[in-house]
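Numbering (full-length UniProt numbering), first residue to last: 1 to 190. Here a beta-carbon is modelled for each residue, glycine too, at the ideal position from N, C-alpha and C. Note that this is a predicted model, so its numbers are computed, not measured.
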Amino acid sequence: LNTKTWKDHSEAWDRIFSTAKHYIDKNLQKQSNGEADDFLSDIFHNGNLTKKELYAATTELQVGGVETTANSMLWVIFNLSRNPCAQGKLLKEIQDVVPAGQTPRAEHIKNMPYLKACLKESMRVSPSVPFTSRTLDKDTVLGDYTLPKGTVLMLNSQAIGVSEEYFDKGRQFRPERWLEEKSSINPFAH
C-alpha cells in the first residue's frame with residue numbers, strides 16, 4: 001500500500017511511537033538517577049519487559065483509552081440523534097441542572113441521572129469494544145463443558161447487550177431502563 005492515506009497513517013503512528021519512546025526513556029532516565037519511583041518504572045524493572053515491549057504496551061494502553069472514550073462519545077451522539085425523545089429529555093435535564101450561561105462542570109453530573117442512563121444505554125447497544133477476551137488461568141467448568149487452562153474465551157458484549165433474553169426490547173435505545181425501580185439489570189455486570 002503506497003497511497004498518500006497509507007503514508008499519512010504510517011507517519012502518524014511513527015509520531016505516536018516516537019513520542020511515547022521519548023517520554024518513556026526520559027522517565028526511565030529519572031529512575032536510573034534515583035528521581036522517579038512510579039508504575040512505569042516498576043513495570044520495566046520488575047515485569048520482565050524489554051524496552052521495545054514497554055514502548056508497545058504503553059502506547060497501546062494510551063491509544064486504547066483515547067479511542068474507546070472517543071468512540072463511546074460518538075455512539076452516544078449517534079444514538080441520541082436517532083432518538084429525538086431521549087435527546088429532548090437529556091437536554092431538559094441539562095438545562096434544569098446547569099445554570100443558564102454556565103459551562104457544565106463535574107459536580108453537575110451527580111444530578112444528571114438521565115445523562116448517566118444515556119451513557120449506559122449507548123454502551124449497551126453500541127459498545128466501543130464489542131468483544132472482551134480472557135485466557136483461563138485454571139481449568140474451568142462452564143455449564144456442561146470443561147474448559148482447560150489456557151483456553152481463550154471471547155465474550156460478545158454487543159450480542160448480549162441487545163439480546164431479548166437479557167433486555168426487554170434489547171435493540172431499542174431506551175435509557176429509562178437504567179432508571180426503573182424494579183430493574184432486573186445486574187449493575188455489577190455492566
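- Contact check for threonine 59 against alanine 12 fails: the beta carbons are separated by 8 Å or more.
- Relative to proline 113, the option among Val97, Leu147 and Thr5 whose CA is nearest is Val97.
- Glutamate 107 is classed as exposed because its beta carbon has fewer than 16 other beta carbons within 10 Å across all chains shown.
- Judged by DSSP in its simplified three-state form, methionine 112 adopts coil rather than helix or strand.
- Alanine 57 and leucine 49 have their C-alpha atoms roughly 9 Å apart.
- No Cβ-Cβ contact shorter than 8 Å links isoleucine 16 with leucine 54.
- For glycine 150, the closest C-alpha among the options Lys52, Asp144, Ser126 and Ser133 is that of Ser133.
- Taking C-beta separations shorter than 6 Å and ignoring five residues to either side along the sequence, the partners of glutamine 87 in its chain run Leu80, following chain order.
- Less than 8 Å divides the Cβ of proline 130 from the Cβ of asparagine 156.
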